[in-house]
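Right, one structure below, let's go through it.
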Amino acid sequence: MTSSNSLACITVLYFAAASTAIGLTEELISIPSQGFFLSQLTDLLVSRHSESKGAGNRKESALREILSSSQWSVDAEMVENEDVGKVELRDGMEIAVICPVSGG
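Mind the numbering: the sequence shown is residues -21 to -1, 1 to 83 in mature numbering (1 follows the signal peptide of the UniProt record, and there is no 0), read in order.
As structure tokens, then:
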């Protein structure tokens, strides 16, 4: 019987504004091994980085806005916005934050 307290480890890759806001290009994050969905990752990342840097509400709000306007890639496959709540994260997965890009 497996423990309900076991953890999985995922890699989160940050690009563009997400990387700038967090100050990292990638990090390993522990999550529950079962029942943790991609839709929950924004709250976890905002909580993790506002606590670790002693950031105020303004920085937390900016990070949340960046993550909320970004798309996600899981194991090099883009995830449609309507499917974010359906993707259960598992040990060893690689999640990328894909920020909106503008250009001309």
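The C-beta atom is built at its ideal place from N, Cα and C for all residues, glycine as well.
Do residue i and residue j have their CB atoms nearer than 8 Å?
i: V66; j: L46; result: no
i: L17; j: T4; result: no
i: I(-12); j: M72; result: yes
i: A(-14); j: D62; result: no
Work out the CA separation of residue j and residue i for me, nearest whole Å.
i: A(-1); j: S12; result: 27 Å
i: L68; j: G2; result: 23 Å
i: I74; j: T21; result: 12 Å
i: A(-5); j: S29; result: 16 Å
i: F15; j: S48; result: 21 Å
i: R27; j: V80; result: 25 Å
i: I10; j: S52; result: 17 Å
Assign residue i to one of three DSSP states: helix, strand, or coil.
i: E44; result: helix
i: A(-14); result: strand
i: A(-6); result: helix
i: V80; result: coil
i: L3; result: coil
On a Cα-Cα basis, can you pick out the residue from the options that is closest to residue i?
i: F(-7); options: L23, E6 and L(-15); result: E6
i: Q50; options: D70, C78, S(-3) and M72; result: C78
i: E44; options: I10, V76 and S(-16); result: V76
Check: For the segment 58 to 74 against the segment 37 to 48, are there 3 or more C-beta pairs whose distance is under 8 Å?
Finding: no
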